[in-house]
Amino acid sequence: MTKDKSVMNMENRSLISRIFSNKTASISFIFILCLVFIAVIGPYLTVYDPNVPDTSNRLASPSAKHFFGTDHHGRDIFTRIIHGMPLSLYIGVISVLIGATIGVVLGMISGYYGGFIDSFIMRCMDVLFAFPGILLALALVSVLGNSLHHLILAVSIFLVPMFARIVRSSTLAICQLEYIDAMKVLGASDIRIIFKHIFPNIVSPIIVQATLSIASAILTASTLSFLGLGVQPPTPEWGAMLNEGKDYMYQAPHVAFFPGLAIMFVVLVFHIFGDGLRDVLDPKSKK
């Protein structure tokens, strides 16, 4: 039992120090910290109001006065992107927290109890998996209505099956270890075993999946907003900005280019960080 515990808890070094030992993870982690810093401080440092139109500067090209130019209402695009960053990160993080919480609980229950409970939960997850994530989120938002909370709920639901399956497989592996049987013999309750002895040993794949899912959540939310089913104008959400700019692709391409670039950059950074975390936290993935 002691040996099994020592094997499962071998990574007791600080997560931060392990991240900075990996070049990919460390560089992307620094970028993420910069994004968070900009999201928190940036809106207070901008000069222009993100929602106040200025018809005299409609579709102005990028310049020293307007770094990313202006849109069809004369609003500063750089200011709107900065003000939209907290919203995009908020949607991504909150959606993942909700989806991960539900998925982790379902996955641990499924893997620990097995039998009918396992079959029932996994069949429900298969039903959700039968729909592409974006189509599932699109259907949910169409039914629930256009609002920020409905958008977050829709994105959260399509993330649940991914976490449930990953956690179930990890839980099944942990349940085969001797110290879990020893805990049962000693009279430990199922809740104690699940949350004190199983959950701490499956945190690594959860963290990796959560990081990758933030990128997916931001991209999905931006897609829904682009289709007009997410955050509505004049809120400076990047997908909605991209939708407004598509009508001016030839006349003023910068209106759509910079919001699209912002989405691509943030999603790419989180994906790279997730890949780096996988190398750091999963020894099997290392060469």
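Using my numbering, the first residue of the sequence shown is number 13, and each one after it goes up by one.
Built from N, CA and C at the ideal position, the CB exists for glycine as well.
- Message: Tell me the DSSP secondary structure of Thr247 in three-state form.
- Response: Coil at Thr247, not helix or strand.
- Task: Note down the Cα distance separating Arg177 from Val220, rounded to an integer number of angstroms.
- Result: For the pair Arg177 and Val220, the Cα-to-Cα distance works out to about 14 Å.
- Task: List the residues that DSSP assigns as beta-bridge partners of Asp88.
- Result: Paired residues: Thr82.
- Separation of Ala112 from Ile214, as counted between CA atoms: The C-alpha of Ala112 is placed about 13 Å away from the C-alpha of Ile214.
- Message: Within a Cβ cutoff of 6 Å, which residues of the same chain sit near Val172, ignoring the five residues on either side of it in sequence?
- Response: Once the five neighbours on either side are set aside, the close Cβ partners of Val172 are Gly111, Ile114, Gly115.
- Query: How do the region 262-274 and the region 178-196 stand: do at least 3 beta-carbon pairs fall below 8 Å, yes or no?
  - Reply: With a cut-off of 8 Å on Cβ pairs, the region 262-274 is not in contact with the region 178-196, counting fewer than three such pairs.
- Item | Proximity below 8 Å, CB of Val267 to CB of Gly257 | Yes, Cβ-Cβ distance for Val267 and Gly257 is below 8 Å.
- Should Ser201 be listed as close to the ligand GDP, given that the test is whether its C-beta is under 7 Å from any heavy atom? Among the ligands in the structure shown, none appear at all, so the ligand GDP cannot be discussed.
- Query: Grouping DSSP H, G and I as helix and E and B as strand, with all else coil, what is Tyr262?
  - Reply: In the structure shown, the three-state DSSP call for Tyr262 is coil.
- Measure the alpha-carbon distance for His84 versus Arg92 and round it to whole angstroms. Roughly 13 Å between the two C-alpha positions.
- Contact check, Ser107 vs Ile164, beta carbons under 8 Å: Less than 8 Å separates the beta-carbon of Ser107 from that of Ile164.
- Evaluate the contact criterion for the region 51-59 versus the region 93-107: three or more CB pairs, one atom per stretch, below 8 Å. Touching, yes, given that three or more Cβ pairs across the two stretches are closer than 8 Å.
- Item | Extent of the continuous alpha helix (DSSP H) to which Gln221 belongs | Judged by DSSP secondary structure, Gln221 falls within the alpha helix (DSSP H) whose first and last residues are 215-238.
- Message: Quick check on the DSSP output: what are the complete alpha helix (DSSP H) runs of length 4 or more inside the region 74-156, in order along the chain?
- Response: Listed in chain order, they are 89-125, 127-141, 145-156.
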